[in-house]
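*Asks:* Let me begin by handing over the structure; questions about it come next.
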Amino acid sequence: MSLAVPDFPRVIASALRIREAQVNAVIRLLEEGNTIPFIARYRKEMTGELDENQLREVATRHEFEKNLHQRKTDVLRLLEEQGVFADDARRESLVAAVTQARTLTELDDIYRPYRPKRKTRASVAREKGLEPLSAWLREAAAGALSEPEVYRFVEQFVAGLEVEMTADEALKGAVDIFAEEVAEDAATRRWVRTRSMKGLVRSTASHSGVSSVYEAYYDFREPINRAAPHRILAMNRGERDGFLKVGVEAPLDDILTHLRNTHLPGGGRPGSFVGGMLDAGVLDAYKRLLAPSVERDVRSELTDKAEAQAIAVFGENLKNLLLQPPIADKVVLGVDPAYRTGCKLAVVDATGKLLEVAVIYPTPPQNKIEEARRIVLRLLETHHVELVVIGNGTASRETEEFIAETLRLRKERTDVQIPYLIVSEAGASVYSASPLAGEEFPELDVSERSAVSIARRVQDPLAELVKIDPKSVGVGQYQHDVSQQKLGAKLGAVVETAVNGVGVDVNTASPSLLSHVAGLNKTVAKSIVKFREENGRFTNRKALAKVPRLGHKTFEQCVGFLRIRDGDEVLDNTPIHPESYGVVARLLARTGADGDCIRRPEKRQGWIANLRQLPLQGLAEEAGVGTPTLRDILDALERPGRDPREDVPPPLLRTDAARLEDLQTGTVLMGTVRNVVDFGAFVDVGLKNDGLVHVSELAERFVKHPMDVVAIGDVVKVRVIQVDLQKQRLGLSLKGLS
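If you want the numbering used here, it's the position in the sequence shown, counting the first as 1, plus 556.
Right, here's the structure in full:
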């Protein structure tokens, strides 16, 4: 049977608490092939200024509602094919229930009693013709039939069956049917699931006396409504690794009371013979059929929420990592530490071009310190290196001490101080072994490519990190334990937002960076670079239309996010879309100014100041554009070529190495936040391992989540509160420090 298509925009608007007109506009724009970044930036009037997160929520919810409607249609079709709708009353009830269902779980509950099953105790009993006997038992439970009276009726009933069985076997089968009906009742399942969510989640050790990282969960119980997402994921991992047994402790007495009140006449008469049998059936229904299924549902819901939190945390961390301010216009020496195979060095110029690679052995077992120092000093002198960047992987501690000492000696000789920086090398090895790195540096081995990546990621973190699978950048929690499909979608959206928010220089960007621009894919990105190499740099945005495979719609979507510095048109180095260049011309005409006032800062500031004194709405009407778009245009004109990352504090540079052994409780240090997780933040204070600021030590006030206080890249002042030399751990606090 057919099911009327719901009013998706109305449903979505209600769920997301936005106007229906906004939802309609977003759906229409998406169906026309527009990208989320383009809609968010250049169609604000149409969407009521919904941001990218809201736009993605609308798109996701729309997809969910379409899938839910399709599933409802499928369920009704299956019920009709199975002949369930022969009974008009049942048909009306089921159609209403299916139509009103708001989740796939609700639909599953409704369809469960009719779904074809493998052989069960109840299905076997039905095949033997015991369903009428089960119905009779329900009715008889309200009375006070004696055991002999029940057996006389059952023996007469069995005599009329084609299958031979005893009265006891018949009663057992009838109770099995009753138990399955109780367990498959949609309302019952919904109530039990909801009530179970008020129980406890528990974990115990799978094997006694076995040491593991999961020992904190060997005898652990916590109310489900207070279970922290990271603990749920930790227990799940411990269970998969074979160290834990995880389950749900539901309020058994409450649940059994509800089942009796719902499915036994008058709440049941356990004192009667039939009442006792059906009461046992209720217990069987819960323990054998309902409890395992509901426990799976509860744990699945807990896991879904924990995964959503972990993915959200990873996404926020990735965004902050990608938007770290570049250390531009510096010659950088990248160092990839190692022991046996030696430290790989790579010098890149201010544009990221590779100048020279080398290998040194200042760490055990070779300990060729003097030879290594000569090589490093030569590289510093020859290429006029201005910054040294060290990866934080294996042997980083020893390598940092060597580099710090070498830089100190050089300062004594030349009176020039070169700072150094420790960076996360997460993902560098993934990039260096990738086909992309092979194309960029075919002459280098894998470890040398890694050193180049480490050097470049401080010059322009965004441009370098987009070459790496986001899941490998090391700023998540339990990222390997969550849905990889959902994680990939979230991180892809984060990268897209970051790249388009910053903008991309079309004359210097790699195909990897260009492929994340709205409307572009890897094929078109490569085509742009090839066109640039064959025809020279782009001098204006219009020339992009000549690139093969870059059609009109793609041009419209991407062009506003591409920048051309020192080109024919100054507006090409702003986020102003070419479709709005006419608006700028009308603004110039309105004030009697010429294009020269945009190019010259001293004139531009005065011109913008004059424009801002005019009523914005009236000026927008004169310019023929919406108020939100005009506001964006004025902001862009005020600072052409602005990089939003410039507003972020620069990384913390170092000139000497710290040692865990030298730290004492109470010592105050400066550090950089490297990762933020549910239970705290990890801060780099110049040691091999980052120190942990537990969520309880982030502020004097209660902190719901660490992200409310800190973000990746923040430079913070911390106090040492614990030094564990044996485990090489450092406890830190932000309390009382500003």
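The C-beta atom is built at its ideal place from N, Cα and C for all residues, glycine as well.
How big is the Cα-Cα spacing for VAL1241 and LYS1273?
*Replies:* Between VAL1241 and LYS1273, the C-alpha separation is close to 9 angstroms.
*Asks:* Do you know offhand how far ARG566's Cα is from LEU1281's?
*Replies:* Their Cα atoms are separated by approximately 60 angstroms.
*Asks:* Does the region 806-820 come close enough to the region 706-716 to have 3 or more Cβ pairs within less than 8 angstroms?
*Replies:* No, they do not touch.
*Asks:* State buried or exposed for PHE1258, treating a residue as buried only when at least 16 other CB atoms are found within 10 Å of its CB.
*Replies:* Classification for PHE1258: exposed.
*Asks:* Go through its chain and collect everything with a Cβ distance to GLU703's Cβ below 6 angstroms, but skip five positions before and after it.
*Replies:* Around GLU703: PHE829.
*Asks:* Measure the C-alpha to C-alpha separation of PRO1017 and ARG633 and round it to an integer number of angstroms.
*Replies:* Rounded to whole angstroms, PRO1017 to ARG633 spans 53 angstroms at the Cα level.
*Asks:* For ALA783, I'd like the list of residues in its chain whose CB is within less than 7 angstroms of its CB, leaving aside the five on either flank, ordered along the chain.
*Replies:* Taken in chain order, the residues that qualify are VAL757, LEU858.
*Asks:* Report yes if the C-beta of SER1006 is less than 7 angstroms from at least one heavy atom of the ligand SAH; otherwise report no.
*Replies:* As for the ligand SAH, it is missing from this structure, which has no ligand bound.
*Asks:* Between the C-alpha atoms of ASP1122 and THR1095, what's the straight-line distance to the nearest angstrom?
*Replies:* Those two C-alpha atoms are separated by around 8 angstroms.
*Asks:* Please confirm whether MET602 and LEU624 have their CB atoms less than 8 angstroms apart.
*Replies:* It is not a contact, given that the beta carbons lie outside the stated cut-off.
*Asks:* ALA989 and VAL1002 - do their beta-carbons sit closer together than 8 angstroms?
*Replies:* Closer than 8 angstroms, so yes.
*Asks:* Out of ALA1192, LEU943, ALA868, which has the shortest C-alpha to C-alpha gap to ASP904?
*Replies:* For the sequence presented, residue 904 should be read as Val rather than Asp. Out of ALA1192, LEU943, ALA868, LEU943 has the C-alpha closest to the C-alpha of VAL904.
*Asks:* When you compare the CB of TYR917 with every CB in chain D, is at least one pair closer than 8 angstroms?
*Replies:* Although the question refers to chain D, the structure presented lacks it and comprises just one protein chain.
*Asks:* Just reading off the beta strand (DSSP E) that TYR976 is part of, what are its end residues?
*Replies:* Residues 976-979.
*Asks:* Which whole-angstrom value describes the C-beta separation of GLY947 and PRO893, a residue pair presumed to lie in contact below a C-beta threshold of 8 angstroms?
*Replies:* Confirmed, about 6 angstroms.
*Asks:* Going by DSSP in three states, LEU874 sits in which element: helix, strand or coil?
*Replies:* Helix, per DSSP.
*Asks:* Taking the beta carbon of THR659 as the centre, do at least 16 other beta carbons fall within 10 Å, making it buried, or is it exposed?
*Replies:* Classification of THR659: exposed, given that the 10 Å Cβ count is below 16.
*Asks:* Hey, out of GLN1220, ALA1255, SER1252, VAL1271, whose CA is closest to VAL1239's CA?
*Replies:* Out of GLN1220, ALA1255, SER1252, VAL1271, VAL1271 has the C-alpha closest to the C-alpha of VAL1239.
*Asks:* With distances taken from CA atoms, which of ALA928, LEU936, GLU926, SER768 is nearest GLU912?
*Replies:* Of the listed residues, the one whose Cα sits closest to GLU912 is LEU936.
*Asks:* For VAL1060, collect the residues of the same chain with a Cβ closer than 7 angstroms to its Cβ; drop the 5 residues on either side in sequence, then sort them by chain order.
*Replies:* LEU1069, LEU1070, VAL1073, PHE1117, LEU1118, ARG1119, listed in sequence order.
*Asks:* Would ASP1234 and PRO779 qualify as a contact pair, given that the criterion is a beta-carbon distance under 8 angstroms?
*Replies:* Not a contact, by the Cβ cut-off of 8 angstroms.
*Asks:* Nearest to VAL1232 by CA position, among ALA1213, ALA726, HIS940, GLN1033, is which residue?
*Replies:* With distances taken between Cα atoms, VAL1232 lies closest to GLN1033.
*Asks:* Leaving out five residues on either side along the sequence, give the residues of the same chain with a beta carbon under 8 angstroms from the beta carbon of GLY1197.
*Replies:* Excluding residues within five positions, the ones whose Cβ falls inside 8 angstroms are ARG1119, ARG1121, ASN1129, THR1130.
*Asks:* Does the pairing of the region 1003-1010 with the region 876-896 give three or more beta-carbon distances under 8 angstroms?
*Replies:* Contact holds: three or more Cβ-Cβ distances are below 8 angstroms.
*Asks:* Quick one: residues in its chain with C-beta nearer than 6 angstroms to the C-beta of ASP853, no 5 flanking neighbours on either side, listed in chain order?
*Replies:* So the qualifying residues of the chain are ARG749.
*Asks:* Does the region 859-875 come close enough to the region 796-808 to have 3 or more Cβ pairs within less than 8 angstroms?
*Replies:* Flag = no, the region 859-875 and the region 796-808 do not touch.
*Asks:* Output the boundary residues of the beta strand (DSSP E) element that contains HIS1250.
*Replies:* It spans 1247-1250 - the beta strand (DSSP E) in which HIS1250 sits, taken as one unbroken run.
*Asks:* When we look at the beta-carbon of ASN873 and count the other beta-carbons within 10 Å, is it buried (16 or more) or exposed?
*Replies:* Classification of ASN873: buried, given that the 10 Å Cβ count is 16 or more.
*Asks:* Cα separation between SER762 and MET753?
*Replies:* Their backbone Cα atoms lie some 24 angstroms apart in a straight line.
*Asks:* Quick check: the Cα distance between GLY699 and GLY831, rounded to an integer number of angstroms?
*Replies:* Cα-Cα distance, rounded: 9 angstroms.
*Asks:* Here's the rule: buried if 16 or more other CB atoms are within 10 angstroms of the residue's CB, otherwise exposed. What is ALA1101?
*Replies:* Under this definition ALA1101 is an exposed residue.
*Asks:* Considering only C-alpha positions, which residue in the set ASN1091, SER1066, GLY1092, GLU1089 is nearest to ALA1081?
*Replies:* Here the closest residue by C-alpha is SER1066.
*Asks:* Run through the region 879-945 for me and flag every whole alpha helix (DSSP H) of 4 or more residues, listed as ranges in chain order.
*Replies:* DSSP runs (the alpha helix (DSSP H)) wholly in the region 879-945: 925-939.
*Asks:* Just grab the DSSP bridge partners of LYS1273 for me.
*Replies:* Partner(s): MET1226.
*Asks:* Pull the bridge partners of GLU1004 from the DSSP assignment, please.
*Replies:* Per DSSP, none; premise fails for GLU1004.
*Asks:* Could you spell out where the beta strand (DSSP E) holding ALA1237 opens and where it closes?
*Replies:* Element bounds for ALA1237: 1236-1240.
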